[in-house]
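Below: the structure, in structure tokens.
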Amino acid sequence: MNILSKRYYFFAFSLILIISGLTLLAINGVPLSLDFTGGTLFEVQFENGKTPDTSTILSIYEDSNIDDAQITSTEIGSVIIRSSFLTNEVRDEVLKDLKTASDSEVTVIRFDSVGPSIGRQVTQRAAIAVAVASILVVLFIIWSFRKVENAFRYGVCAILAMLHDIAIIFSITGIGAYFFNWQVDSLFLTALLTVIGFSMQDTIVVFDRIRENSNILRRLEYEKLVNHSIVQTLQRSINTQLMTVEFLLLALALFGGVTLQEFAIVLLVGLLSGTYSSIFVAAPILVVWEKREWQTWFGRSANA
Amino acid sequence: MIRNLTNRIILIVVVVALSLWIDLSREILIPNPFSNTNEALFSRDVEPRLGLDLQGGLQVLLEADIPADQTIDSEAMEVARQIVQQRTDALGVNENVITVAGDRRIVGEFPGLADTESVLATIQQTGLLEFVDTGDDLPEAGTILLTDYSPTGEPVTAGEGEKIYHTIFTGAEIDSISVSPNQFGGGYSINFALKSNGAQIFGQHTAANIGKILAITLDKQVISAPVINDAIIGGQGTITGDFTFEEANAFAIQLRYGSLPVPLKIVETRIIGPTLGADSLNKSLIAGGIGMIIVALFMIIYYRMPGIVAVLSILIYAAIAFAVFKWFHFTLTLPGIAGFMLSTGTALDSNILIFERMKEELRNGKTLNQAMDQGWTRAWSSIRDSNLAAIITSIILFWFGSSFGATIVKGFSLTLALGVIISLFTAIYVTRTILAIFIRSFKPQNYERWFGL
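As given, the protein sequences belong to chains A and B, one line each in that order.
Take 65 as the starting number for the first sequence in our numbering and just add one per residue.
Take -10 as the starting number for the second sequence in our numbering and just add one per residue.
Laid out in structure tokens, this is it:
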């Protein structure tokens, strides 16, 4: 099986996916949830049939000087009200007014209130965490591959594969945001971090085989060596992927709730991408690098 | 070939037995055999702890209400944490966990809490009690007084037409406090006793200022403003106000545990209703269960005998991991469950790596024992490196989560890292031992049938 000969098709496939999703994201902006922007989500449930209409709820909020409330109702009959940051005092007031207006018991299902300054810091710290983790992993890979020629390349390629997966995740988020009103929240962050971890794991398994084979098959041309290593680890990649994905698909189907569904889909796509990128991105780039193929990219091959 | 198979089996049986014991109990108790009373030699509570998202509850993020460029003493944050802990303990809530996150934040978690209002109110109040000399001015209860006492040490400046009063002493001088019903009429009053230093100041001040007003303020707000009738020697006093029992009690709690060294403001509140929590717990348990069954079926159909071994090994892995979580009182949250599921994926991956390697060696005509040895040695380097990379990532995430109070990320990385470490033990040690036992007992000849070659 010659996988590597088609490497530019794989690169093109990834690029199309990434560019289309990122374009959507660029046009519509990153849909940040209140975890990052600050604000309040208030989910309440009224007694059967006593849910007040939207304008009543809006006017209760306006009485408390909150005029940016947005109201959506859920499948289970509860009402989600999003607004700017609500203090606990205002919430108690609103809750009391809701009870009076609807003449019903009001059950608080969820109340998330995040101050505006917190969100920005979360984003910053998350970026730092990802950067620090990547640098450490590159150093680790370089150290671990120190006996192989060009150990540095393996580290860089692992990071490129990881960046590919991050781009794919943002791309799928862009698509989800456009079609299903997805939002980037702290669960999304968890999914992103997981994918990064597993992208590394997958890449290392493939690279490990290259490392092993390069000791045994010294005479083999580098491209054939890498291809051989990919084919050898393919069965493992498929089986592991099938199982972890299977796990998550089920979780996705059964967890229900909109937030977790989003989490599961992002994880699912991210993990698939992690396996895909280790085989079809990281390893081929190693070969491109070895052969210095960029010298022939822009038509100069004709002169060579 | 495995030497010392018996030793290996004994170790595994002991570990599994201990894990199951912890898994199935609520408390580990070893009675003292030499004692006639029921004194315990050793006991540890291993009740499973569910996070807010699984049983509902309240989470608040408090931030020091001090300009961002000002550094805060880490000791002061710790004292503030303890005070928040004591205040909320006194409200009678269970399992409340208060932790310092980073250098200017405190996370408070109250699983299963229904009455969020009283907790939020209690936490937020600074609880700064002052005894203020207002001279001949008689402030009404509820007015805000400007005083010369400032917890941060910054000088207090008065605006146009405002007057700064002198604080004689603060709540820090209070030794003990109690609530009693008023002798006349309804309502409750608060009795306090001062420490010796405070008693002296109080005595001197009251002796020198008979006929003047002594205002008592909480967070600069006047609670009562009695006229000094006599010198009060001995440091005993009463704050008479028209308090209800709850008010008096909440007030007493604040005085008893002192004022916060740093003012705190609530920057994030999350309340999860109990039904949402229970729903998430059920769904994740069902998803985990069905996922496990499908994976087990796949492993057995595809890898045959080693597949059965892998399933046993994963079950042992789950038993150990759950026992570790319970023993160290880790709180299980939804992201924590996600981390655990993914580390289960890693555990499976290790098994798959080894079995694929074994099959390869068998196809190359190696004997069963050779293939087993080679399978493990050859797969080890990739299992080691990939798991180490996962552990490095989890450590960074854990640091990120705990320095920021992002409990989601913290729970996730903790279960992931622990799961990966445990999976190393089960894949390398347990799977191999069980497979060796199986091969000895069944002596498989037909590799196609037994190993799905």
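In this text, a Cβ means the ideal position worked out from N, Cα and C, and glycines have one as well.
{"Check": "Give every residue of the same chain whose Cβ lies closer than 6 Å to the Cβ of B/ALA368, excluding the five residues on either side of it in the sequence, and list them in chain order.", "Outcome": "LEU342, ILE343, ARG346"}
{"Check": "For A/THR151 and B/LEU265, what's the separation of their Cα atoms in angstroms?", "Outcome": "22 Å"}
{"Check": "Considering Cα atoms alone, identify which of B/GLY192, B/ASN198, B/ILE255 is closest to B/GLY224.", "Outcome": "B/GLY192"}
{"Check": "Quickly, what does DSSP pair B/PRO20 with across the bridge? List them, please.", "Outcome": "B/ALA29"}
{"Check": "Around the Cβ of A/ALA366, are there at least 16 other Cβ atoms within 10 angstroms (buried) or fewer (exposed)?", "Outcome": "Residue confidence is low: A/ALA366 scores 45 on pLDDT, short of 50, so the model does not pin down where it sits. No coordinate-derived value is stated."}
{"Check": "Would a check of beta-carbon distances place B/ALA379 closer than 8 Å to chain A?", "Outcome": "yes"}
{"Check": "How about A/ASP272 and B/SER371: are their beta carbons less than 8 Å apart?", "Outcome": "yes"}
{"Check": "Taking its Cβ as the centre, do 16 or more other Cβ atoms sit within 10 Å of B/SER430, making it buried, or is it exposed?", "Outcome": "exposed"}
{"Check": "Output the distance between the C-alpha atoms of B/GLY325 and B/GLY400, rounded to the nearest integer angstrom.", "Outcome": "5 Å"}
{"Check": "Which of the three DSSP states is assigned to B/ASN(-4) in this structure?", "Outcome": "helix"}
{"Check": "Output needed in chain order: residues of the segment 359 to 391 of chain B with a Cβ under 8 Å from some Cβ in chain A.", "Outcome": "ARG367, SER370, SER371, ASP374, SER375, ASN376, LEU377, ALA378, ALA379, ILE381, THR382, SER383, ILE385, LEU386, TRP388, PHE389"}
{"Check": "State the DSSP-derived secondary structure class of B/ILE228, mapped to helix, strand or coil.", "Outcome": "strand"}
{"Check": "In angstroms, rounded to a whole number, what distance separates the CA positions of B/LEU450 and B/PRO20?", "Outcome": "With chain B covering -10 to 442 only, the question about residue 450 of chain B has no answer from this structure."}
{"Check": "Just to make sure I have the definition right: I need the residues of chain B whose C-beta is within less than 9 Å of the C-beta of A/ARG174. Which are they?", "Outcome": "ARG259, ILE260, ILE261, GLY262, LEU265"}
{"Check": "So, is B/ILE186 buried or exposed, given that buried needs 16 or more other C-beta atoms within 10 angstroms?", "Outcome": "The question names Ile, yet the displayed sequence has Asn at residue 186 of chain B. With fewer than 16 Cβ atoms within 10 Å of its Cβ, B/ASN186 is classed as exposed."}
{"Check": "Grouping DSSP H, G and I as helix and E and B as strand, with all else coil, what is B/ALA299?", "Outcome": "helix"}
{"Check": "Which of the three DSSP states is assigned to B/GLU36 in this structure?", "Outcome": "coil"}
{"Check": "Starting from B/ASP122, trace the beta strand (DSSP E) both ways and give me its first and last residue.", "Outcome": "118 to 124"}
{"Check": "Here's the rule I'm using: 16 or more other beta-carbon atoms within 10 Å means buried, otherwise exposed. How should B/VAL3 be labelled?", "Outcome": "exposed"}
{"Check": "Could one say the Cβ of B/ASP54 lies closer than 8 Å to chain A's Cβ atoms, at least one of them?", "Outcome": "no"}
{"Check": "Starting from the C-beta of B/ASP125, find all residues in its chain whose C-beta is less than 8 Å away, skip the five residues before and the five after it, and write them out in chain order.", "Outcome": "LYS201, ILE202"}
{"Check": "Output, in chain order, the set of chain A residues within a Cβ distance shorter than 8 Å of B/PRO100.", "Outcome": "Those do not exist, as B/PRO100 stays about 15 Å from chain A at its closest Cβ, beyond 8 Å."}
{"Check": "For A/LEU224, tell me which candidate among A/GLN247, A/VAL248, A/THR267, A/TRP246 has the shortest Cα-Cα distance.", "Outcome": "A/THR267"}
{"Check": "Tell me, please, which residues DSSP counts as bridged to A/ASP176.", "Outcome": "A/LEU105, B/ARG259"}
{"Check": "Determine which residues share a DSSP beta bridge with B/LYS254 and list them.", "Outcome": "B/GLU52"}
{"Check": "Pull up the distance between the alpha-carbon of A/ALA368 and that of A/TRP361, whole angstroms please.", "Outcome": "Low confidence applies here, because A/ALA368 scores a pLDDT of 39, under 50, leaving its location unreliable; read the following figure in that light. If I take the Cα positions, the gap works out to 12 Å."}
{"Check": "For B/ASN180, which beta-bridge partners are listed by DSSP?", "Outcome": "B/SER167, B/THR227"}
{"Check": "For A/THR87, decide whether its Cβ has a neighbour in chain B, counting only Cβ atoms nearer than 8 Å.", "Outcome": "no"}
{"Check": "B/GLU106 CB to nearest chain A CB: under 8 Å?", "Outcome": "yes"}
{"Check": "According to DSSP, is A/ALA165 part of a helix, a strand, or is it coil?", "Outcome": "helix"}
{"Check": "Just mark B/VAL216 as buried or exposed, buried being the case when its beta carbon has 16 or more other beta carbons within 10 Å.", "Outcome": "exposed"}
{"Check": "So if I threshold CB-CB distances at 8 Å, which residues from the segment 194 to 205 of chain A count as touching chain B?", "Outcome": "VAL196, ALA197, LEU200, VAL201, PHE204, ILE205"}
{"Check": "If I follow the unbroken beta strand (DSSP E) through B/ILE202, where does it start and stop?", "Outcome": "202 to 207"}
{"Check": "Check the Cβ-Cβ distances between A/SER78 and every residue of chain B, and say whether any is below 8 Å.", "Outcome": "no"}
{"Check": "Listed in chain order, which residues of the segment 292 to 324 of chain B have Cβ atoms closer than 8 Å to some Cβ of chain A?", "Outcome": "LEU323, PRO324"}
{"Check": "Taking CB distances under 8 Å as the criterion, tell me whether B/ILE423 reaches chain A.", "Outcome": "no"}
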